[in-house]
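Quick note on numbering: the UniProt record's numbering labels position 293 of the sequence shown as 293, and the sequence is numbered without any gaps.
All C-beta atoms in this analysis are idealised placements derived from N, C-alpha and C, irrespective of residue type, glycine included.
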Amino acid sequence: MPHRLSYPFADRLPRDGELLAVAPGIHWLRLPLPLALDHINLWLLDDGPDWSLVDTGYGDEPSRARWQTLCEGSLARRRLRRLVLTHSHPDHIGQADWLCRRFEVSCHCSLGEYLSALAVWHELPGFDAVAYDRHVARHGLDQTSRNHYLQRGNLYRQNVPALPAHFSRIVDGDCLSIDGHSWQALAGFGHSPEHMAFYCAERRVLIAGDMLLPKISTNVGVWASDSDGDPLARFLDSLERMAALPEDTLVLPSHGRPFRGIAARVEALQRHHDERLALLWDACCEPRHAFELIPLLFGREFDPYQTYFALAECIAHLNHLWHCGALQREAGSDGVLRYGQNGSGR
Numbered sequence: 001m002p003h004r005l006s007y008p009f010a011d012r013l014p015r016d017g018e019l020l021a022v023a024p025g026i027h028w029l030r031l032p033l034p035l036a037l038d039h040i041n042l043w044l045l046d047d048g049p050d051w052s053l054v055d056t057g058y059g060d061e062p063s064r065a066r067w068q069t070l071c072e073g074s075l076a077r078r079r080l081r082r083l084v085l086t087h088s089h090p091d092h093i094g095q096a097d098w099l100c101r102r103f104e105v106s107c108h109c110s111l112g113e114y115l116s117a118l119a120v121w122h123e124l125p126g127f128d129a130v131a132y133d134r135h136v137a138r139h140g141l142d143q144t145s146r147n148h149y150l151q152r153g154n155l156y157r158q159n160v161p162a163l164p165a166h167f168s169r170i171v172d173g174d175c176l177s178i179d180g181h182s183w184q185a186l187a188g189f190g191h192s193p194e195h196m197a198f199y200c201a202e203r204r205v206l207i208a209g210d211m212l213l214p215k216i217s218t219n220v221g222v223w224a225s226d227s228d229g230d231p232l233a234r235f236l237d238s239l240e241r242m243a244a245l246p247e248d249t250l251v252l253p254s255h256g257r258p259f260r261g262i263a264a265r266v267e268a269l270q271r272h273h274d275e276r277l278a279l280l281w282d283a284c285c286e287p288r289h290a291f292e293l294i295p296l297l298f299g300r301e302f303d304p305y306q307t308y309f310a311l312a313e314c315i316a317h318l319n320h321l322w323h324c325g326a327l328q329r330e331a332g333s334d335g336v337l338r339y340g341q342n343g344s345g346r
């Protein structure tokens, strides 16, 4: 049995605007988010006389004001040498264009994340509201919830006001040299198209992004552009790769506190998903659609914004069981997809 998680900063959080050192040359900045998940962790790395930054925070005015204060205050004498993005979700990429233009640098990220950001921002086919509406309708989402989504507009564009016009591509296995230390890019899948975490073997530090969080499970969802996909399988495979890192690795997550105990956390997440899969398989003794299974999977109700993440995750688990052959999937006369046990068991 792996050791339990330990939290080196259990009694300390960065104050508003503070850079808290978590290792030599590595600083923790915590920005608020206007969401139920109320914060994001950003990581500033010493890079010679300058600094490198991993992720940016939301693209809203409060986050922009905090960055403006930092750039005119504690960071005024240092330049941003490079911006590195773990992935393209708004709380990670929201201020990327502003920072890149201010410091005249490019952002470093994977091709999958950059292209998916463009696709969602520009509402390309498969990433637009109409495609999403058809997708969730096939999984039983009620008309009221669907209308809420259609009427709210492009929420991604609201929270990412602009995207960088160019980027520097990172692929799995690439090494970034930052202040004389090598940070290896580790691709992870399931949460986003081509998420990158960064591991420094010399320092035993992993900047994990959203792939490995200490308290909550990462959202793994099925979306309209890949409606038959199995992102949960990809996510679990990605966790196996992280579990192979040294046990004393300091994990720097995008949400929650830094921790050690990587194998224990991976094991807990694997167990969590196994339990959810078993729960859904049992529930599908009669054909059920994803939307009606949300209360069973999560045990609580969600607001309209959270509902579409919960639905995406429910579909991901059902699709995984379907791909494994444990469930069959058929569309009814109403066009809604329902999942039922195939009779051969899990």
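- Where F235 is concerned, the enclosing alpha helix (DSSP H) starts and stops at 231 to 243.
- Nearest in C-alpha terms to T249, of all of A185, F259, G48, E240, is F259.
- Of the candidates G299, S6, N41, the residue whose Cα lies closest to the Cα of P14 is N41.
- Only residues of its own chain outside the window of five on either side were considered, and among them L293, L296 have a CB closer than 7 Å to the CB of A283, listed in chain order.
- Only residues of its own chain outside the window of five on either side were considered, and among them D97 have a CB closer than 6 Å to the CB of A162, listed in chain order.
- The Cβ atoms of A310 and F298 sit closer than 7 Å to each other.
- For the options L245, G190, S238, the alpha carbon positioned closest to that of W223 is the one of G190.
- When the five nearest sequence neighbours on each side are left out, the beta carbons in the same chain lying within less than 8 Å of the beta carbon of L5 are those of P214, F259, R260, G261, A264, R265, in order along the chain.
- By alpha-carbon distance to D47, the top candidate from R271, S177, Y305, D128 is S177.
- In this structure, the alpha-carbon of E194 lies about 22 Å from that of G256.
- Taking each of V136, S254, Q184 in turn and checking the Cα distance to I216, the smallest one comes out for S254.
- Take G332, set aside five residues on each side of it, and the residues of its chain with a beta-carbon closer than 7 Å to its own are R338, in chain order.
- If you look at F103, you'll find it in the alpha helix (DSSP H) that goes 96 to 103.
- Rounded to whole angstroms, the separation of the alpha carbons of G209 and H135 is 28 Å.
- Distance from the CA of R79 to the CA of G59, rounded to the nearest whole angstrom, comes to 21 Å.
- Under a 10 Å Cβ-count criterion, Y305 is classified as exposed, with fewer than 16 other Cβ atoms of the shown protein chains found around its own Cβ.
- Shortest Cα-Cα distance from Q270 to any of E286, F235, F302, S145 involves F235.
- The closest CA to that of D55, considering only A76, H89, D303, L150, is found on H89.
- Taking the Cα positions, A278 is about 10 Å away from H272.
- The C-beta distance from R169 to L111 rounds to 5 Å, short enough to meet the 8 Å contact threshold.
- According to DSSP, residue pairing for W28 in a beta bridge involves L20, W43.
- Just so you know, the alpha carbons of L232 and N219 end up roughly 10 Å apart.
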